[in-house]
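Protein chains in written order, with the UniProt record's numbering: chain Y, 1 to 187; chain X, 1 to 234.
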């Protein structure tokens, strides 16, 4: 079973090469992480052209800053955090997050005391879930993506988004409720 | 004494002071804040965990890699603040473009020092092309691609903005590029691939300049120029 040190040392040689500005190492590292990071961008930003823009900015940033990476964490976590931060920056620039995190902007249904609609296994396919997430508001989709798909806990999400832990939890809960409604065709 | 009466009154009517009820939907809000317990995965959590890899099936377009490394090369040459090509922020006319041109010229000088250039000679053109092909067929193809694109974009620029200063700067880039190209056969073989890379980067820079100039055009051609930039990859 891999230890924490193993994770920290993943792609160590590649990272060291990147720190020496070795172009082959940079290309190889990009090859390892381009696809998963691109998918993160797509989930958070929704549009492929935005995802491409953020990927370009983020990876240039990654290669410029990689000499500051000191193997305290895994390189994948380090890269992912930069990608996520750039996604958030991108959303903020578009003035979407600010309004989304205002609860009053969300659907009335999510404020109702009714119990959350149950997810039905029959309604869930990867494609339906993906499309359903694209129908969520930015705020819901971002929190849901960070928690469920990227594995951040609510405390980390609170730091990333600059919100309270409670807000992260409530956003997540409402996001799931809304997604269940969408998947159950109760929009 | 008065205080004692007040205290007695409060104690005797204590419950009446607590007759307000919380709104009916308060529990819903509380539940919303505490519901997602990490240790209680529901069907959705389980589904995502089971199918996690399937959610990452999108592949970044190949051109993205070219754009990233082209920008990194630009950063090495001192153009580290250049924004991504897709982003068309407003720019101040020719000044930034001249900055890019100046950066390119600095790089050209640096690249020039790698070899013992003996000047551009037309007769060497085919020899250089053969050498490019030998180093990597991609190099020759890439060079031809950029030469075609630069010619086409330069024609468009000249039709709208024939700025003498810009034309002069671009000519200097052309001359220096030609010298580097001619010097390709003179440098040690181990350095040739690196020199070719630098040469292609300069082509790319020149193409960028031409595309950025077009973005400054007043007509609706900005979007077209931005779209063209997206199509170009190294």
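Each residue gets a CB set at the ideal place from its N, CA and C atoms; glycine is no exception.
By DSSP, does residue i sit in helix, in strand, or in coil?
i	result
residue 20 (chain Y)	coil
residue 5 (chain X)	helix
residue 160 (chain Y)	helix
residue 62 (chain X)	helix
residue 59 (chain Y)	helix
residue 73 (chain X)	helix
residue 216 (chain X)	coil
residue 154 (chain Y)	helix
residue 130 (chain X)	helix
residue 40 (chain X)	coil
residue 46 (chain Y)	coil
residue 167 (chain Y)	helix
residue 69 (chain Y)	coil
residue 11 (chain Y)	coil
residue 94 (chain X)	Model confidence at residue 94 (chain X) stands at a pLDDT of 47, short of 50, so the residue's coordinates are unreliable; what they give is reported in the following sentence. Residue state, collapsed to three classes: helix.
residue 124 (chain Y)	coil
residue 135 (chain Y)	coil
residue 118 (chain Y)	coil
residue 18 (chain X)	helix
residue 178 (chain Y)	helix
residue 100 (chain Y)	With a pLDDT of only 46 at residue 100 (chain Y), under 50, the local geometry of the prediction cannot be trusted, and the value read off the model is given with reservation. The answer is helix: DSSP assigns residue 100 (chain Y) an H, G or I state.
residue 268 (chain X)	Residue numbering for chain X in the displayed model covers 1 to 234; residue 268 (chain X) lies beyond these limits and cannot be assessed.
residue 141 (chain Y)	helix
residue 203 (chain Y)	Residue 203 (chain Y) is absent from the structure shown; chain Y starts at 1 and stops at 187.
residue 53 (chain Y)	helix
residue 76 (chain Y)	helix
residue 52 (chain X)	helix
residue 85 (chain X)	Because residue 85 (chain X) carries a pLDDT of 43, less than 50, the predicted location of this residue cannot be relied on, and the following value inherits that uncertainty. Coil, per DSSP.
residue 184 (chain Y)	coil
residue 13 (chain X)	coil
residue 94 (chain Y)	coil
residue 173 (chain Y)	helix
Hey, residue i and residue j are a contact pair by Cβ (cut 8 Å); roughly how many whole angstroms apart?
i	j	result
residue 41 (chain X)	residue 52 (chain Y)	Incorrect: roughly 33 Å between the Cβ atoms, too far for contact.
residue 31 (chain Y)	residue 25 (chain Y)	Not really, about 10 Å apart at Cβ, beyond 8 Å.
residue 73 (chain Y)	residue 8 (chain Y)	7 Å
residue 133 (chain Y)	residue 179 (chain Y)	7 Å
residue 126 (chain Y)	residue 54 (chain X)	5 Å
residue 183 (chain Y)	residue 119 (chain Y)	7 Å
residue 60 (chain Y)	residue 64 (chain X)	At roughly 11 Å, the Cβ-Cβ gap does not stay under 8 Å, so residue 60 (chain Y) and residue 64 (chain X) are not in contact.
residue 161 (chain X)	residue 128 (chain X)	That belief does not hold up - the Cβ atoms of residue 161 (chain X) and residue 128 (chain X) are roughly 32 Å apart, past 8 Å.
residue 57 (chain Y)	residue 160 (chain Y)	The Cβ separation is near 17 Å, so there is no contact.
residue 210 (chain X)	residue 153 (chain X)	4 Å
residue 180 (chain X)	residue 199 (chain X)	5 Å
residue 148 (chain Y)	residue 157 (chain X)	The pair is not a contact, with the Cβ atoms about 49 Å apart (cut-off 8 Å).
With hydrogens ignored, establish whether the beta-carbon of residue i is closer than 6 Å to any heavy atom of the ligand ADP.
i	result
residue 209 (chain X)	Of the ligands one can find in the structure shown there are none, so the ligand ADP has no counterpart to examine.
Within the chosen definition, does the region 67-81 of chain Y reach the region 15-33 of chain Y through at least 3 CB pairs nearer than 8 Å?
Result yes; three or more Cβ-Cβ pairs closer than 8 Å.
So, do the region 43-63 of chain Y and the region 132-152 of chain Y have three or more beta carbon pairs nearer to each other than 8 Å?
yes
Could you say if the region 122-141 of chain Y and the region 171-180 of chain Y meet the contact criterion of at least three C-beta pairs nearer than 8 Å?
yes
Spell out a yes or no on whether the region 129-148 of chain X and the region 189-206 of chain X are touching, meaning 3 or more CB-CB pairs, one atom from each, closer than 8 Å.
Output reads yes: the region 189-206 of chain X touches the region 129-148 of chain X.
Counting pairs of Cβ atoms below 8 Å between the region 32-40 of chain Y and the region 71-82 of chain Y, do you hit three or more?
yes
Secondary structure, alpha helix (DSSP H): runs of 4+ residues fully inside the region 135-199 of chain X
137-160 and 164-183
Check whether the region 156-166 of chain Y and the region 11-22 of chain X touch, using three or more Cβ-Cβ pairs below 8 Å as the test.
no
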